[in-house]
Amino acid sequence: MDPIKDSKAVDPFLMLASLPVPLHQAQCVAYKDEILICGGFLGKICYSYHTRKNRYKYICSYPEEIKLHGHCVVKRINKDDPNEITLLSFGGGMRHALILNYESVWDDDKDDEIDGNKMEEKNAKNEWRPFTNDKTEPNHLLFITYRPRNIAVFDLNQLQCIKYDTLPSVNSAFYHCFVSKMDNEKDT
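Our numbering applies: residue 36 is where the sequence shown begins, and numbers increase by one.
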């Protein structure tokens, strides 16, 4: 069978709705029927693309002072409530560390329920905030290194930054990774 000549051949690609704005080097994470698009080089706007509706909705924008060139976005799901997710954004030109508690922009029922208390709770969602604090516990640590010899340590249980420091090395730190010894031992 020649797929070019066969009129019944199925195109493996779908044509999707165009982005509202062009984004280059955007960071994306999947969440239920959504793809969350979190800014890109020279673009600070975040959108949710709904895979079933083939539409985009605005979520928020990064703070004005943030430069997103080379940023990374990681999704963290709440183990007690899988409907609650947190996005962590790291890196970029200014080496930021931000946190966003995501609430689906497609849940139209939530918009109708905004009153005094719920408005405050709503404002805490879908907004990039600095990811820093002094409290810490020694579990579930995320180590982020960046050139030339910098390291930042985050506690993912508390969603807090523990420490920023300089690595004791003469050489720059890049193209490397950390491997959990405990996870590695479980697999062997």
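Cβ atoms here follow ideal geometry from the backbone N, Cα and C, with glycine treated the same way.
* **6 Å CB neighbourhood of E119 in its chain, flanking five on each side removed** => If we look at E119 and ignore the five residues flanking it on each side, its Cβ neighbours are N113.
* To do: Express the C-alpha separation of C73 and L123 in angstroms, rounding to a whole number.
  => If I take the Cα positions, the gap works out to 10 Å.
* Asked: For D227, does the three-state DSSP call read helix, strand or coil?
  -> Nothing about residue 227 can be read from this structure; the chain reaches only from 36 to 223.
* **contact_flag[the segment 124-132, the segment 82-96] where n(CB pairs < 8 Å) is 3 or more** => Taking a contact to require three or more Cβ pairs closer than 8 Å, the segment 124-132 and the segment 82-96 do not qualify as touching.
* **Member of E99, R184, F76 and V188 whose CA lies at the smallest distance from the CA of R164** => Looking at the Cα atoms, E99 is the closest of the given residues.
* **Residue closest to S207, alpha-carbon to alpha-carbon, out of P47, T180, R111 and I80** => Of the residues P47, T180, R111 and I80, the one whose Cα lies closest to the Cα of S207 is T180.
* To do: Tell me whether Y137 is buried or exposed, calling it buried when 16 or more other Cβ atoms sit within 10 Å of its Cβ.
  => It is buried - the Cβ of Y137 has at least 16 other Cβ atoms within 10 Å.
* To do: Could you pull out every residue in the same chain whose Cβ sits closer than 6 Å to the Cβ of A61, ignoring the five residues on either side in sequence?
  => Excluding positions up to five away in sequence, the list reads I72 and G75.
* Under the rule that 16 or more other beta-carbon atoms within 10 Å means buried, what is Y93, buried or exposed? -> Answer is exposed; the Cβ neighbour count stays below 16.
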